[in-house]
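Step one of this worksheet: look at the structure below.
Residue numbers (the UniProt record's numbering): 1 to 127.
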């Protein structure tokens with residue numbers, strides 16, 4: 001998933017190695033959650049410079065790194081380090097699952113999105 005903030009053009013996104021569907025590990029009224037140590041969040045702090053990329057990984061492989069809820073967009077972190085709501089906002093709540101997430105977003109703040117996209121990574125077996 002990659003998104004662009006309307007305010008300043010910052011690009012921010014996340015990688016979920018699992019598919020976006022209900023998970024069996026833990027479910028509550030806020031969705032279904034799954035642990036993975038392969039998920040990460042990223043940002044380009046200067047939109048025209050590829051070298052400005054910053055990546056933050058899950059702190060502990062035992063925490064719920066991603067969440068699926070059909071009422072929302074992609075969600076990362078068991079305290080919602082980053083969640084897309086109503087297709088136009090990124091919200092941050094807990095900011096405790098991904099190390100150094102505060103270096104790419106201000107926790108507890110809402111960001112208006114210009115746009116966001118979700119892509120599927122497909123393994124190439126043609127080797």
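Just so you know, even glycine gets a beta-carbon here, dropped at the ideal spot from N, CA and C.
For residue 44, same chain residues with a beta-carbon under 6 Å away, outside a window of 5 residues either side, are 11, 52 and 53 in chain order. Residue 72: not part of any beta strand (DSSP E); DSSP gives it neither H nor E. Between the alpha carbons of residue 65 and residue 33 lies a gap of roughly 7 Å.
Taking each of 86, 110 and 100 in turn and checking the Cα distance to residue 93, the smallest one comes out for 110. For residue 94, no beta strand (DSSP E) run applies, since DSSP gives it neither H nor E.
Within the DSSP bridge table, the entry for residue 105 names no partner. Sequence-distant partners of residue 17 (beyond 5 residues in either direction) whose C-beta falls short of 7 Å from its own C-beta, in its chain, are 36, 38 and 39. In this structure, DSSP gives residue 51 a helical state, which the three-state scheme calls helix. Taking C-beta atoms as the reference points, residue 90 and residue 113 count as a pair closer than 8 Å.
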